[in-house]
Amino acid sequence: MTGARNMHTRVLCWYIFSTILLIKNGSGNSQGGGIPSMTPSDPASQQIIDWAAQHPANAAGTVRDDQGCPVPSLTASLGIGSRGNLLLQDVFLINEIAAFNRERLPERITQPKGHGAFGYFRVTHDISSLTKADFLNGVGKTTRVLARISLAGSSRGCSDMSRDARGFAIKFYTIDGNFDFAGTTGLSYPIRDPMLFTDLSRSRGKNPQTNAKDITMRWDFSTLRPEGILYLLKIFSDFGANSRVIDTHGVHAFKFVNKDGIPVFIKFHFLSQQPFRWYNDTEIAMVAGMDPDSSARDLYDAIATQNYPKWTLKIQVMTAEQALKSHVSPFDPTKVWREEEFPSIPVGELVLNENPVNYFNDIEQAAFCPGNLVPGIEPSPDRLLIARMISYQDAQRYRLGVNFAQIAVNRPIMQVKNYNRDGFMRDNPNGGGGPNYFPNSFHGPTQNLSAGQNIFHVNGIVDRVDYQDDVEDNFRLARLYLYKDLNAAQRGRVVHSLGSSLALAAKEIREKAVRELFFRITPEFGKLVWDSMQAAVAANHPN
Ligand code: HEM
């Protein structure tokens, strides 16, 4: 109880402090109310108390170890008298220490900090002319889902307030197997060639000597790869730190195939139905310091109080003919398909209504992969997407073990039947006594030829091409984003947040970044960022 009391005192101080600050600063930066974080009685802070209320004393019985044997003491190890040596035969103690030493999984190599919930997806509009995917067919059809929302480049212990793209992964447990969506708030992505992925990730990670985040490295990479300009602008735009208010975009084009085998290309967008709420710099610093898990808490609290967050799924559609005629590659993830040219159409609704029962089991062990596709949804030629289809399961074999798909949260609802066998921690019937090779004459499972991919023709020259010749188009999209999608006040805040970040980078890199990225959008925008940066530099170094 002392712990809970301390927590409450801490939370109360925080609440009073934040209220005073909000009154002082004004909280006119949102359409969605005050800071949605800890309050003295929020459900996340109360969870353990509620649990105890539902589980009467003594109902749990006495402790048994992992072998089911009764444990005589949880407070005293086995030793010689009260002061003599420990005895090695205290297997309870040794097992407890050994289990504790092995509690951590390696963190995800990217997107390690996250939280999530279960829920459902419901079809609201008929798109059967576009795809035969079963879970998208039939208005009213619902499919159970698991969602995990994460921070792109920050490590597991970072604050939910870090200015970083949010990842948003959704596993649909469909009758055709698991369909995984793994998107981002970023609209587009900073690179188009997977060869640059490790470099991109490292430039946003920690300095190899100081082990501290290094803004110079980040701006250096961004300056040298200008195709990421649109992504950059989005990241430095109004910052919806809270998971419930963020939109998530699939970024890549996917191919939809209908029951007649006709393909179209599509992009997925899940748009939050919650009022957008962004944080100013003071609020970010305040919440980050007080409650690094503010967004996890917010999602938990919303679901616990039946204020279920919802997102509308919309898709943009491009025909194969339109793709062929496009003057730039429609499969380039650094670009977007503009809404004016490819208006989005509604498909369904995602609702999160069930908090995980155990974070580790349900969220940390969850394994999403863009290669987990169902009939009716196929990859486009986007190279980044294809690299991702290989990368995630490779990472999961390392992070969770070769049989990670058998962990409860990753299991499909359909029975798994194939010729994979054995391996560490296998936890399914392993094919029993049936044949373990194919073809066989002994009634093992057979092929499903109707699940084959859409057939298409390709031709071209095999080469390695680091194509930058259409990067001007990325700046065109950046201009449209800034001057058409944002209003003057929003644009002003992009200028301010860019200036503040750039001011922390080394002089030659920050000046190069403004010259080669922001002046290239428009000289006027470049000048504004330059002035904002110089003002921030002066404020950081008053003398
Ligand atoms: C070549 C490009 C990329 C590669 C190689 C890559 C690789 C990875 C890897 C290895 C993980 C960790 C997987 C795990 O341990 O379970 C991961 C996580 C993730 N990535 Fe990527 N990624 C790439 C691009 C992207 C893009 C473009 C997006 C968004 C559109 C994205 C969204 C995510 C998300 C949401 C997660 C977290 C999944 C979860 O919640 O478990 N990634 N990525």
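In mature numbering (1 follows the signal peptide of the UniProt record, and there is no 0), the protein residues as written are -28 to -1, 1 to 515.
Built from N, CA and C at the ideal position, the CB exists for glycine as well.
If you're wondering where the values come from, they're calculated on a predicted model, not measured in any experiment.
Assign N150 to one of three DSSP states: helix, strand, or coil.
In the sequence shown, the residue the question calls residue 150 occupies position 178. In the structure shown, N150 adopts extended strand secondary structure according to DSSP, grouped into three states.
Report whether the distance from the Cβ of Q378 to the nearest heavy atom of the ligand HEM is below 7 Å.
For the purposes of this step, residue 378 is identified with residue 406 of the sequence shown, where counting begins at 1. No, the Cβ of Q378 stays beyond 7 Å of every heavy atom of the ligand HEM.
Measure the Cβ-Cβ separation of N400 and A339 and say whether it is below 8 Å.
Numbered from 1 along the sequence shown, position 428 holds the residue referred to as residue 400. Numbered from 1 along the sequence shown, position 367 holds the residue referred to as residue 339. If you check the CB distance, N400 and A339 do not come in under 8 Å.
With distances taken between CB atoms, is the gap from K286 to V319 smaller than 8 Å?
The residue labelled residue 286 in the question sits at position 314 within the sequence shown. The residue labelled residue 319 in the question sits at position 347 within the sequence shown. If you check the CB distance, K286 and V319 come in under 8 Å.
Does DSSP classify N333 as helix, strand or coil?
Locating residue 333 in the sequence shown gives position 361, where the first residue counts as 1. Helix.
Using the C-alpha atoms, what's the distance from Y145 back to I362?
Taking the sequence shown and counting its residues from 1, the one referred to as residue 362 is at position 390. Taking the sequence shown and counting its residues from 1, the one referred to as residue 145 is at position 173. When only Cα atoms are considered, I362 and Y145 end up about 21 Å apart.
Less than 7 Å separating the Cβ of V223 from some heavy atom of the ligand HEM?
What you label residue 223 is simply residue 251 of the sequence shown in a count that begins at 1. Yes, since a heavy atom of the ligand HEM falls inside the 7 Å radius drawn around the Cβ of V223.
Does the region 290 to 309 come within contact of the region 68 to 75, defined as at least 3 CB pairs closer than 8 Å?
With the rule of 3 Cβ pairs closer than 8 Å, the region 290 to 309 does not count as touching the region 68 to 75.
Would you list the residues sitting across from E293 in a DSSP beta bridge?
The residue labelled residue 293 in the question sits at position 321 within the sequence shown. Looking at the DSSP output, E293 shares a beta bridge with no other residue.
CB L454 to CB F490, shorter than 8 Å?
What you label residue 454 is simply residue 482 of the sequence shown in a count that begins at 1. What you label residue 490 is simply residue 518 of the sequence shown in a count that begins at 1. Between L454 and F490, the C-beta gap is not smaller than 8 Å, which leaves the two residues out of contact.
In terms of residue numbering, what span does the beta strand (DSSP E) encompassing R94 cover?
Translated into the one-based positions of the sequence shown, residue 94 becomes position 122. Following the DSSP letters along the chain, one finds R94 inside the beta strand (DSSP E) bounded by residues K85 to V95.
May I ask which residues mark the beginning and end of the beta strand (DSSP E) holding R116?
Taking the sequence shown and counting its residues from 1, the one referred to as residue 116 is at position 144. Under the DSSP assignment, R116 falls in the beta strand (DSSP E) whose first and last residues are T114 to L123.
With DSSP as the reference, label V509 as helix, strand or coil.
Counted from its first residue, the sequence shown places residue 509 at position 537. Note: V509 maps to helix in three-state DSSP.
Which residues in the same chain have their Cβ closer than 6 Å to the Cβ of K389, if we skip the five residues on either side of it in sequence?
What you label residue 389 is simply residue 417 of the sequence shown in a count that begins at 1. Non-local C-beta neighbours of K389 in its own chain, meaning closer than 6 Å and more than five positions away in sequence, comprise P417, ordered along the chain.
Is the number of C-beta pairs between the region 193 to 212 and the region 156 to 167 that are closer than 8 Å three or more?
Judged by Cβ distances under 8 Å, the region 193 to 212 makes contact with the region 156 to 167, as three or more pairs qualify.
In angstroms with no decimal places, state the Cα-to-Cα distance between E321 and A48.
Walking along the sequence shown from the start, residue 321 turns up at place 349. Walking along the sequence shown from the start, residue 48 turns up at place 76. So the two alpha carbons sit approximately 54 Å from each other.
Beta carbon of A71: closer than 7 Å to some heavy atom of the ligand HEM?
Counting from 1 along the sequence shown, the entry for residue 71 is found at position 99. No - the ligand HEM has no heavy atom lying nearer than 7 Å to the Cβ of A71.
With DSSP run on the structure shown, which of helix, strand or coil describes W(-15)?
On the sequence shown, residue -15 is found 14 positions in, with the first residue counted as 1. Low confidence applies to W(-15): its pLDDT is 46, below 50, so where it sits in the model is not reliable, and the reading given next is rough at best. Collapsing the DSSP output to three states places W(-15) in a helix.
Mark Y370 as exposed unless 16 or more other C-beta atoms lie within 10 angstroms of its C-beta, in which case mark it buried.
Looking up residue 370 in the sequence shown gives position 398. Exposed, by the Cβ-count rule.
Residue span of the alpha helix (DSSP H) that contains N67, given as start and end
Taking the first residue of the sequence shown as 1, we reach residue 67 at position 95. Looking at the DSSP string, the run of the alpha helix (DSSP H) that includes N67 is V63 to N73.
I'd like to confirm something about S363: is its beta-carbon nearer than 7 Å to some heavy atom of the ligand HEM, or not?
Along the sequence shown, read from residue 1 onward, the residue named residue 363 stands at position 391. It does: the Cβ of S363 is within 7 Å (strictly closer) of some heavy atom of the ligand HEM.
Mind checking whether Y272 and A24 have CB atoms under 8 Å apart?
Your numbering for residue 272 matches position 300 in the sequence shown. Your numbering for residue 24 matches position 52 in the sequence shown. At the C-beta level, Y272 and A24 stay beyond 8 Å of one another.
Which residues mark the beginning and the end of the alpha helix (DSSP H) in which F169 is found?
The sequence position of residue 169 within the sequence shown is 197, counting from 1. Boundaries of the alpha helix (DSSP H) harbouring F169: F169 to R176, taken from the DSSP string.
Please go through the same chain and pick out, in chain order, the residues whose beta-carbon is closer than 8 Å to the beta-carbon of Y280, but skip the five residues on each side of it.
The sequence position of residue 280 within the sequence shown is 308, counting from 1. By the criterion of a C-beta distance shorter than 8 Å, Y280 is surrounded in its chain by G91, A274, V323, L324 and N325, once the five residues flanking it on both sides are discounted.
Comparing alpha-carbon positions, which option in R135, G125, L102 and D152 lies nearest R116?
Translated into the one-based positions of the sequence shown, residue 116 becomes position 144. For the residues R135, G125, L102 and D152, the minimum Cα distance to R116 belongs to D152.
Below 7 Å CB to CB, which residues in the same chain sit around W191 once its five sequence neighbours on both sides are set aside?
For the purposes of this step, residue 191 is taken as residue 219 along the sequence shown, with counting starting at 1. These residues qualify, in order along the chain: L474, A477, I481, R482 and A485.
From the DSSP output, read off the bridge partner residues of L322.
Taking the sequence shown and counting its residues from 1, one reaches residue 322 at position 350. Beta-bridge pairing links L322 to F93 and W283.
Does the region 417 to 435 come close enough to the region 460 to 470 that 3 or more CB-CB pairs lie under 8 Å?
They do not touch, by the three-pair rule.
Comparing C-alpha positions only, which one of I142, P328 and Q39 sits nearest to D219?
Residue mapping note: residue 219 aligns to position 247 of the sequence shown, counting from 1. It is I142.
Contained alpha helix (DSSP H) runs [length at least 4] in the region 412 to 454, N- to C-terminal order:
For the region 412 to 454, whole alpha helix (DSSP H) runs of length 4 or above, ordered along the chain, are 443 to 452.
Run the proximity test for T82: is its beta-carbon closer than 7 Å to any non-hydrogen atom belonging to the ligand HEM?
Counted from its first residue, the sequence shown places residue 82 at position 110. Yes.
Just to confirm the assignment, what range does the beta strand (DSSP E) spanning V236 have?
Counted from its first residue, the sequence shown places residue 236 at position 264. DSSP places V236 in the uninterrupted beta strand (DSSP E) bounded by P235 to S244.
In its own chain, which residues sit with a C-beta less than 8 Å from the C-beta of N402, not counting the 5 before and 5 after it?
Mapped onto the sequence shown, residue 402 falls at position 430. Around N402: R393 and D394.
Sequence-distant residues of the same chain with beta carbon closer than 6 Å to S173, five excluded per side:
In the sequence shown, the residue the question calls residue 173 occupies position 201. These residues qualify, in order along the chain: T82.
Between R128 and the ligand HEM, is the CB less than 7 Å from at least one heavy atom?
On the sequence shown, position 156 is the one that residue 128 refers to. In this structure, R128 has its beta carbon at no less than 7 Å from each heavy atom of the ligand HEM.
Do F237 and A225 come within 8 Å of each other at the CB atom, strictly closer than that value?
Residue 225 sits at position 253 when you count from the first residue of the sequence shown. Residue 237 sits at position 265 when you count from the first residue of the sequence shown. Closer than 8 Å, so yes.
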